[in-house]
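Residues in the sequence shown are numbered consecutively from 26, following my numbering.
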Amino acid sequence: MIRDTSAQDRLIQVKPSPKKKLLWIGGAAAVVIVLAFLMPGVTRLFSADSSVSASRLAFATVQRGPFIRDIAAEGQVVAAVSPTLYATYGGAVTLKVHAGDTVKKGQVLAVIDSPELVNKLAQEQSNADAMQVDYLRAQIDARKKQSELQKGYDNAKIDEESAERDFDRYEKAYKLGGVPQMDVDKWQDTLTKSKIALAHAQADLNLGNDTGTFDIKAKKLAHDRQVLMVQDLQRQVDNLNVRSPVDGQVGQLFIAERATVAKDAQLLSVIDLSALEVEVKVPESFARDLAVGMGGEISGNGNNWKGLVSAISPEVVNGEVAARVRFEGGTPKQLRQNQRLSVRILLDHRDNVLTVQRGSFVDESGGSYAYVVRDGIATKTPIRAGESSIDKVEILDGLKEGDNIVISGTDNFKGAQRVVISR
26 MIRDTSAQDR LIQVKPSPKK KLLWIGGAAA VVIVLAFLMP GVTRLFSADS
76 SVSASRLAFA TVQRGPFIRD IAAEGQVVAA VSPTLYATYG GAVTLKVHAG
126 DTVKKGQVLA VIDSPELVNK LAQEQSNADA MQVDYLRAQI DARKKQSELQ
176 KGYDNAKIDE ESAERDFDRY EKAYKLGGVP QMDVDKWQDT LTKSKIALAH
226 AQADLNLGND TGTFDIKAKK LAHDRQVLMV QDLQRQVDNL NVRSPVDGQV
276 GQLFIAERAT VAKDAQLLSV IDLSALEVEV KVPESFARDL AVGMGGEISG
326 NGNNWKGLVS AISPEVVNGE VAARVRFEGG TPKQLRQNQR LSVRILLDHR
376 DNVLTVQRGS FVDESGGSYA YVVRDGIATK TPIRAGESSI DKVEILDGLK
426 EGDNIVISGT DNFKGAQRVV ISR
């Protein structure tokens, strides 16, 4: 039987070294201290709803200072007066100018050939002449009729006076016994008839005068109406010579030479280069604050000019409103049609206003809340936002100067109340 070494084994008790004991105690203390420092962060981590990296966010500090609301946009130079000329009547058009030609007010730019209209004018002029003859004839007829009626009245007057004298004579003779009663009665009847005839002659004379007056007036009104028609046709014939309404430059030609056009067809445009404006597109959110007469600044080609808002379109197109800004104090000479310029319109200027840099948080929250960052935790805080400018938002309530808030990327929070901002 082989003997083992169990008889030779013995337990040796090792006593710990005082130096190693101190190292263990120091390590345990260090762990306790580290846990004490990390405990608030760990507590915040577990109290938050989610965690988002700071690299995905943008921050800004609430500040107090001047608040300037303005609109900055690119615009293009347009003519304040740029009429488009139309054909007043159909026909073949002969152009007298070319695109880009300088023209004067009243200069003939195109001629429309319309034999139909010219012939119609001649016909109506002939009718007007005939009506004038009828009017003059009516005057002569009225005078002639009046003369005849006056003659009848005068004869009736003479007959009445003669009958009255005969009646007086027979009445006197009857009283002296020279004539019988029958003769007196006869002349009495004759006098009565003559008086009746005179009265009718007087009425006929008055009625004839009225009739003649009305007939003359009717003829005159018909002639006047025809004259107005001729004048209108003459105006249309004159408008066959298309004239420039302003001093300026021929813009665009909408037709070719000797083209046949219909009534109201576009012919050409004229640009008044003495009155230029800048047309800008303003976002709908700012358009309601715009008003005619607001001051602004126009810049380009190394120059700056003062401007005034001259017109605002009442129509919204693709979320924008067209506005025009005119140059204050005269139009610069070096500008050209459709040239691009920068425009800045001042809406409001106030001092000592609490503001923060503008960001997407305004649109995402509707200006009702913001995430305030303290000790690495973003807390959803109710606020009340005021007016907005291009780069700033007015804060009316909920924030104070020096607060640090998340201005962009809050869509990553998904509406959480508390979010840890990780580095």
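Ideal Cβ positions, reconstructed from N, Cα and C, are used throughout, including at glycine.
{"Item": "State the DSSP-derived secondary structure class of V341, mapped to helix, strand or coil.", "Value": "strand"}
{"Item": "Which of the three DSSP states, helix, strand or coil, is assigned to I370?", "Value": "strand"}
{"Item": "With DSSP as the reference, label V317 as helix, strand or coil.", "Value": "coil"}
{"Item": "Are the region 245-264 and the region 145-159 touching, with three or more C-beta to C-beta distances below 8 angstroms?", "Value": "yes"}
{"Item": "Please classify K417: does DSSP put it in a helix, a strand, or coil?", "Value": "strand"}
{"Item": "For the alpha helix (DSSP H) containing P140, list its first residue and its last residue.", "Value": "140-201"}
{"Item": "Checking the sheet assignment: what are the DSSP bridge partners for L301?", "Value": "A104"}
{"Item": "Tell me the residue span of the beta strand (DSSP E) that contains S447.", "Value": "443-447"}
{"Item": "Which of the three DSSP states is assigned to G237 in this structure?", "Value": "helix"}
{"Item": "Distance, Cα to Cα, A438 vs R448?", "Value": "Correcting the residue type first, residue 438 is Phe in the shown sequence and not Ala. Straight-line Cα distance between these residues: approximately 16 angstroms."}
{"Item": "Is the Cβ-Cβ distance between G116 and I96 less than 8 angstroms?", "Value": "no"}
{"Item": "Can you give me the C-alpha to C-alpha distance between T68 and V431, rounded to a whole angstrom?", "Value": "Below a pLDDT of 50, predicted positions are generally treated as unreliable, and T68, at 48, falls in that range; the measurement from the model is reported next regardless. Each residue's Cα considered, the two are about 22 angstroms apart."}
{"Item": "What are the boundary residues of the alpha helix (DSSP H) that includes S310?", "Value": "309-312"}
{"Item": "State the Cα-Cα distance for the pair G355 and H123, rounded to the nearest angstrom.", "Value": "28 angstroms"}
{"Item": "Is it true that the CB of G320 sits closer than 8 angstroms to the CB of R351?", "Value": "no"}
{"Item": "So what's F352 in DSSP terms, helix, strand or just coil?", "Value": "strand"}
{"Item": "So, at 7 angstroms on beta carbons, what are the nonlocal neighbours of V106 in its own chain, with the 5 sequence-adjacent residues on each side left out?", "Value": "V271, D297, A300"}
{"Item": "Less than 7 angstroms separating the Cβ of E196 from some heavy atom of the ligand SAM?", "Value": "Of ligands this structure carries none, so the ligand SAM is not represented either."}
{"Item": "Suppose the cutoff is 6 angstroms on Cβ atoms and the five residues either side in sequence are ignored; what does the same chain contact list for L120 look like?", "Value": "A135, E282"}
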